[in-house]
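Heads up, the numbering used here is the position in the sequence shown plus 3, with the first residue counted as 1.
Cβ atoms here follow ideal geometry from the backbone N, Cα and C, with glycine treated the same way.
Everything numeric in this text was worked out from a predicted model, so none of it was measured.
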Amino acid sequence: MENNFALAEMLIRKPVNEVFEAFINPQITSKFWFTKGSAELIEGTNVDWTWEMYNHTVTVTVKKIEQNKQIVIKWGNYENLSTVTWNFKEITADSTFVSIKNEGFKGDTNQIISQVRDSTEGFTLVLAGLKAFLEYNIQLNLVGDRFPN
4 MENNFALAEM
14 LIRKPVNEVF
24 EAFINPQITS
34 KFWFTKGSAE
44 LIEGTNVDWT
54 WEMYNHTVTV
64 TVKKIEQNKQ
74 IVIKWGNYEN
84 LSTVTWNFKE
94 ITADSTFVSI
104 KNEGFKGDTN
114 QIISQVRDST
124 EGFTLVLAGL
134 KAFLEYNIQL
144 NLVGDRFPN
């Protein structure tokens, strides 16, 4: 299936180093995405990300870190891993364009469409939460409120 990827993008009105750090440092990431991360993202390591409200933990393998430019991870269910790539583009000294691409979904057409839809929605919520947190210091709890039951 062509276009077997999810894509979410947004301008964040903060310097690229702050936006990049928000995804590397679990102390920051936990303010807008998961509730707990076992360690900072370092190339060649594995870290656990936990969403306590869903009683769910996923192990992330950090494939590549290019400071203030790119993060690449592998994650997912054991038999169904996908690759997530964050690209950070400095627009001005105080604004950064973030692109998140999730690819490598497996299954039949309906399964792939479902995974692409869920990933696009999820990463759009992550970027909106990041924007609110970094630009306005507001924690919207978008990920936690997505499935309230």
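Under the three-state DSSP convention, the category residue i falls into
{"i": "Glu82", "result": "coil"}
{"i": "Ile94", "result": "strand"}
{"i": "Asp111", "result": "coil"}
{"i": "Asn49", "result": "strand"}
{"i": "Asn140", "result": "coil"}
{"i": "Glu43", "result": "coil"}
{"i": "Thr32", "result": "helix"}
{"i": "Phe37", "result": "coil"}
{"i": "Phe150", "result": "coil"}
{"i": "Asn20", "result": "helix"}
Burial state of residue i, where buried means 16 or more other Cβ atoms lie within 10 Å
{"i": "Pro151", "result": "exposed"}
{"i": "Asn105", "result": "buried"}
{"i": "Lys67", "result": "exposed"}
{"i": "Ser85", "result": "buried"}
{"i": "Thr32", "result": "buried"}
{"i": "Gly110", "result": "exposed"}
{"i": "Ala96", "result": "exposed"}
One or two residues paired with residue i in a DSSP bridge
{"i": "Trp54", "result": "His59"}
{"i": "Ala9", "result": "Asn105"}
{"i": "Leu14", "result": "Phe100"}
{"i": "Thr64", "result": "Asn49, Lys77"}
{"i": "Val87", "result": "Ile76, Asn105"}
Residues near residue i in its chain [Cβ-Cβ closer than 6 Å; skip 5 each side]
{"i": "Ala42", "result": "Val50"}
{"i": "Ala9", "result": "Asn105, Val119, Ser122, Thr123"}
{"i": "Trp78", "result": "Val61, Val63"}
{"i": "Asn28", "result": "Glu43"}
{"i": "His59", "result": "none"}
Contacts around residue i, its chain only, beta-carbon distance under 8 Å, and the 5 residues preceding and following it disregarded
{"i": "Val22", "result": "Ile15, Phe91, Thr99, Val101, Leu133, Leu137"}
{"i": "Glu46", "result": "Val65, Lys66, Lys67, Ile68"}
Integer Cβ distance of residue i from residue j, believed to fall under 8 Å
{"i": "Val65", "j": "Thr48", "result": "5 Å"}
{"i": "Leu130", "j": "Ile103", "result": "7 Å"}
{"i": "Gln114", "j": "Lys34", "result": "No, Gln114 and Lys34 are not in contact; Cβ-Cβ is about 32 Å, not under 8 Å."}
{"i": "Thr38", "j": "Glu24", "result": "Wrong, their Cβ atoms sit about 18 Å apart, outside the cutoff."}
{"i": "Val19", "j": "Glu93", "result": "4 Å"}
Close beta carbons around residue i, own chain, < 7 Å, minus the five adjacent residues each side
{"i": "Ala11", "result": "Ile103, Thr123, Phe126, Thr127, Leu130"}
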